[in-house]
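> In this note's numbering, the protein residues as written are 1314 to 1632.
Backbone N, C-alpha and C define an ideal beta-carbon position, used for all residues, glycine too.
All figures in this text were calculated on a predicted structure; none of them were measured in a lab.
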Amino acid sequence: MNCLMIVTYPSILLRICILLSLLVAWSNTFAQLDVKHFDTLVLRSVTESDSANAEWRHILATRNNHSVDSTTQLLTTFTIGERNWFALIASRQVAWELMLDSLARPFEANLPSKVTIIVGSHGVDDAFTFDGSTIGFDASILEKNYGNANSAENTERIDRLFAHEMTHLFHKAWVKSEHMELRTFKDSVLWECIYEGLGTYRSLSSKWLPQEDSLPAVTEVVLDALLPEFLANIEKVCNAGNLTVTQKADITRNLSRGTISKKWGAFTVAIWIARFVGEDEGKLKLVVESGINSPILLAIRNIPFNSPYKPLLMECLAR
């Protein structure tokens, strides 16, 4: 439509013409961005090639999930439900590219040149990271845990899962840039608490998060149940020299695995992060920069002033 030809029409027509012109321009610009700039994330699936299938099999074997020999045929094809999950992931690729800057900001990390997102099946975890530049999604576990990919809530859910795993990649890059070493069992436990706590913070649905400075009832219930376990375990790791192999395994068993209501480390730290940050995500930088001290600092900030654990945590922090 030529706007110069309708200047004598009522002004409303001119406004419509200008609006349509802008929409066309924006559409063209977005299309160009899509092609030219949104290329950090590379999507692969086990059904596309032998090399992708081999990569997935290698990942599963490395993660010690199971022997993949018995599922070789299953790993090369998707069921209808699994294909729907792959289609959902593919449909979110551009949106995820737009999330990268904000996810990177707390770590002051440079965006990696490429991040491979590989979708397979017949593993154990719904989503995970592998090395420093790969995110895996298991379509069979996604379908098992969350049902039909086309259900309304699963678009938001897959976005949260991506944010969780991408946060892990940025965190790994930060650790490498800081030359941080985990020298003791205590270091490893505190690292797992903050590493999975930050990831879980990104993947929690709104039902768990603070609302106007107060926690939802469901969060209070879970937090009340997990807090004693958190404090007892942190006290133990501060004296880790006295722990047996079995005791160490008991401490780490539910730190970040299992249902959300059982993750004494990941969930507790995630909620404390949410309370600390509020609506100012700039505070996440402080959480990251505090490194493995963050779980203890957050605990000191959140437990009652007269808690007998407070001086123990202060002492642990000073060591």
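Would you mind giving the Cβ-Cβ distance between residue 1511 and residue 1484, rounded to the nearest angstrom? I have them listed as a contact below 8 Å.
Residue 1511 to residue 1484, Cβ: 6 Å. Contact.
> Count Cβ pairs between the region 1428–1436 and the region 1449–1457 that sit closer than 8 Å; are there 3 or more?
Yes: at least three Cβ pairs fall under 8 Å.
> Would you say residue 1568 and residue 1505 are within 8 Å of each other, going by their C-beta atoms?
It is a contact, given that the beta carbons lie within the stated cut-off.
> Provide the residue span of the beta strand (DSSP E) that contains residue 1432, from first to last.
Segment 1428–1433, the beta strand (DSSP E) holding residue 1432.
> In the DSSP assignment, find the beta strand (DSSP E) that holds residue 1451 and state where it starts and stops.
1447–1451 is the span of the beta strand (DSSP E), which, as asked, contains residue 1451.
> Which class does residue 1420 belong to by DSSP, given the choice of helix, strand or coil?
DSSP places residue 1420 in helix when its eight states are reduced to three.
> Kindly indicate which residue of 1621, 1596, 1586 and 1624 has the alpha-carbon position closest to the one of residue 1611.
The residue with the shortest Cα to Cα distance from residue 1611 is 1586.
> How is residue 1345 classed by DSSP in three states: helix, strand or coil?
Its pLDDT being 41, under 50, residue 1345 is placed unreliably in this model, and the value from its coordinates should be taken loosely. Looking at residue 1345 - three-state DSSP - the assignment turns out to be helix.
> Going by DSSP, what residues sit across from residue 1354 in a beta bridge?
Residue 1354 pairs with 1428.
> Tell me the DSSP bridge mates of residue 1441?
Paired residue(s): 1449.
> Using a Cβ-based criterion (distance less than 7 Å to any ligand heavy atom), does residue 1474 qualify as near the ligand NAD?
Ligands displayed in this structure: none; no statement on the ligand NAD is therefore possible.
> Look at residue 1578 and residue 1509 and say whether their C-beta atoms are less than 8 Å apart.
In contact: residue 1578 and residue 1509 (Cβ atoms closer than 8 Å).
> Say whether the region 1584–1602 touches the region 1518–1537, bearing in mind that this needs 3 or more beta-carbon pairs closer than 8 Å, one atom from each stretch.
They touch, by the three-pair rule.
> Using three-state DSSP, classify residue 1620 as helix, strand or coil.
The answer is coil: DSSP assigns residue 1620 none of H, G, I, E or B.
> Determine whether the beta carbon atoms of residue 1416 and residue 1375 lie at a separation below 8 Å.
No, the Cβ-Cβ distance between residue 1416 and residue 1375 is not below 8 Å.
> Any idea which residues DSSP pairs residue 1490 with across the strands?
Beta-bridge pairing links residue 1490 to no other residue.
> Report back the beta-carbon spacing between residue 1521 and residue 1456 to the nearest angstrom; my notes put them in contact at under 8 Å.
Rounded, the Cβ-Cβ distance is 23 Å, inconsistent with contact.
> Is it true that the CB of residue 1482 sits closer than 8 Å to the CB of residue 1442?
In this structure, residue 1482 lies closer than 8 Å to residue 1442 by Cβ.
> Assuming residue 1388 and residue 1370 form a contact by the criterion Cβ under 8 Å, report the distance between their Cβ atoms to the nearest whole angstrom.
That pair is a contact at about 6 Å.
> Which residue's Cα is closest to the Cα of residue 1534: 1555, 1573 and 1486?
If we check each option's Cα against that of residue 1534, 1573 comes out closest.
> Assign residue 1519 to one of three DSSP states: helix, strand, or coil.
The answer is helix: DSSP assigns residue 1519 an H, G or I state.
> Relative to the C-alpha of residue 1263, which candidate in 1460, 1423 and 1418 has its C-alpha closest?
This structure does not reach residue 1263, given that the chain is present from 1314 up to 1632, and the question cannot be answered.
> According to DSSP, is residue 1415 part of a helix, a strand, or is it coil?
Correct three-state label for residue 1415: helix.
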